[in-house]
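Taking this note's numbering, I'd label the letters of the sequence shown as residues 3 to 336.
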Amino acid sequence: MILAGEIGATRTRLAAFETEASRLKLIVEKHYLSQEHAGLAEIIAEFIKSEGIAVHRACFGVAGPVRRGRSKISNLTWLIDSRDLAKQLKLESVGMINDLEAFAYGIDGLDSKDFVTLNEGSEDAEGNRAVISARTGLGVAGLYWDGFRHHPFGCEGGHSDFAPRTELEMTLLMYLQKKYGRISCERILSGPGIKNIYDFLRDTRTAEEPGWLKDQMAAAADPPALISQLAAEGKAPICDQAMSLFASIYGAETGNVALNFMSTGGIFIGGSVAAKNVPRMKDPVFMKSFLDKGRMAPLMKEIPVTIVLNDDSGLIGAARYTLIEKAFKSKKST
């Protein structure tokens with residue numbers, strides 16, 4: 003039995019998988035509120051006990067950088083060490099990788115229904131791949147192509163500097179700098195980033211916030227979700243402008259990631275923001291910004307661009323990591 007997990011500051015997801023002819027079969031999945039527990043080992047022990055399962059190997063995708071099998075989760079007191087977990091829980095092996103690296107491992111384990119194509123790209127697209135995912139934050143990972151298979155690797159590209167392209171985006175940058183200082187892409191390309199864009203349009207009077215919307219925003223439990231909903235329904239021009247600007251910047255940064263990783267094999271867009279706003283992502287503004295790379299525009303047209311709808315890609319990827327690593331170690335030892 004394989005234990006897979008997605009570990010974040012707010013939520014921890016655990017799932018148990020069985021293998022059938024080298025394919026994964028989900029047995030059970032549970033969610034936990036991370037801050038209600040003293041550490042990951044406590045959650046895992048509770049999961050194994052409540053489900054009555056025997057786990058042999060595990061892998062966890064964590065929201066943050068991983069070095070030498072260790073990671074400190076932002077906004078949590080947890081310091082997670084894969085070797086300590088293996089000893090405490092008596093497991094054969096415990097892998098720990100970045101959450102977007104886990105997402106990347108999961109791509110080849112998904113079905114065709116889990117994808118929405120934004121750009122077909124070249125018919126014989128081959129080479130490196132990349133993933134970008136806007137959720138609570140912005141995640142990025144690469145997949146190196148060795149001529150036979152892809153090798154995912156994590157990075158912290160979501161924390162790179164935001165590079166404005168237009169006068170409006172320059173004004174947005176200066177507005178946010180007054181609030182936060184240095185501005186990373188994550189400050190804009192995330193759920194909270196949608197609210198930052200909305201606030202910018204309102205406070206600079208670039209767009210008008212009607213009184214009824216002001217009341218709804220004040221009462222909203224999830225302002226970014228309300229903004230995207232009202233934009234989709236065409237009920238508030240300021241929300242439509244916010245989502246349009248978001249899509250434009252997202253397209254540009256997705257193009258930057260594609261160039262940085264030379265991802266001629268395709269770029270995959272994950273995260274709840276894209277999955278819940280597919281019509282907005284299909285709007286020409288996203289791909290226009292993606293393709294707008296000057297002399298590199300012909301190359302950009304050849305790159306497949308795909309939205310990943312399956313929210314379980316990270317869990318599937320963490321489980322697939324254990325299978326791939328086990329197969330690699332077995333091959334290496336023979």
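Where is the CB? At the ideal position from N, CA and C, for every residue including glycine.
From a predicted model like this one, the values you see are computed outputs, not experimental measurements.
Check: residue i C-beta below 7 Å from any heavy atom of the ligand NAP
i, result
"A238", "This structure does not include the ligand NAP; it has no bound ligands of any sort."
C-alpha distance - residue i paired with residue j, whole-angstrom precision
i, j, result
"A127", "M302", "12 Å"
"E327", "P239", "50 Å"
"G144", "K32", "28 Å"
"E53", "Y182", "44 Å"
"G159", "G66", "11 Å"
"F49", "L16", "8 Å"
"S372", "R137", "For the chain, the structure presents residues 3 to 336; residue 372 sits outside this window and is missing."
"E122", "F270", "12 Å"
"V307", "K51", "42 Å"
"V142", "V68", "14 Å"
"A23", "S291", "43 Å"
"A295", "G253", "Before going further, note that residue 295 is Lys rather than Ala in the sequence given. Spanning the two alpha carbons is a distance of roughly 11 Å."
"G195", "A6", "29 Å"
"H153", "D217", "49 Å"
"H58", "A234", "46 Å"
"S186", "A106", "22 Å"
"L26", "D101", "19 Å"
"S315", "I190", "24 Å"
"S135", "G272", "4 Å"
"A43", "L170", "47 Å"
"I29", "E20", "7 Å"
"V275", "S192", "7 Å"
"A277", "L311", "5 Å"
"A47", "L91", "7 Å"
Burial state of residue i, where buried means 16 or more other Cβ atoms lie within 10 Å
i, result
"N77", "exposed"
"D116", "buried"
"F150", "exposed"
"K333", "Because the pLDDT at K333 is just 48, under 50, the model does not fix this residue reliably, and the value given afterwards should be weighed accordingly. Classification of K333: exposed, given that the 10 Å Cβ count is below 16."
"I109", "buried"
"I9", "buried"
"L321", "Per the sequence shown, the amino acid found at residue 321 is Ala instead of Leu. It counts as buried."
"E103", "buried"
"A60", "buried"
"S114", "exposed"
"T12", "exposed"
"M172", "exposed"
"T266", "buried"
"L203", "buried"
Beta-bridge pairing of residue i - partner residues as DSSP gives them
i, result
"A337", "No answer is possible for residue 337: the residues shown for the chain start at 3 and end at 336."
"N121", "V307"
"N100", "V64"
"G153", "Sequence inspection shows His at residue 153; the Gly mentioned does not correspond to that position. Note: H153 sits in a beta bridge opposite Y146."
"K51", "DSSP output for K51 lists no bridge partner at all."
"D163", "S186"
"A106", "DSSP output for A106 lists no bridge partner at all."
"S230", "Per DSSP, none; premise fails for S230."
"D126", "Paired residue(s): none; D126 is not in a bridge."
"E210", "E210 pairs with nothing; no bridge assigned."
"H33", "R15"
"A132", "G144 and I269"
"L81", "K74"
"K27", "E20"
"M95", "In the sequence on display, residue 95 carries Ser and not Met. Beta-bridge pairing links S95 to R59."
"R398", "Residue 398 lies beyond the range of the chain shown here (3 to 336); nothing can be said about it."
Supposed contact pair residue j and residue i - C-beta distance, whole angstroms, cut 8 Å
i, j, result
"G71", "D83", "6 Å"
"N130", "M298", "At roughly 15 Å, the Cβ-Cβ gap does not stay under 8 Å, so N130 and M298 are not in contact."
"K74", "L81", "5 Å"
"G139", "E188", "5 Å"
"G156", "G319", "Contact flag wrong, Cβ pair sits at about 11 Å."
Closer than 8 Å is the cut-off here; do at least three beta carbon pairs connect the segment 245-255 with the segment 265-285? yes
Any chance the segment 224-239 sits against the segment 159-179, with 3 or more Cβ pairs inside 8 Å? no
Does the segment 214-230 come close enough to the segment 250-270 that 3 or more CB-CB pairs lie under 8 Å? no
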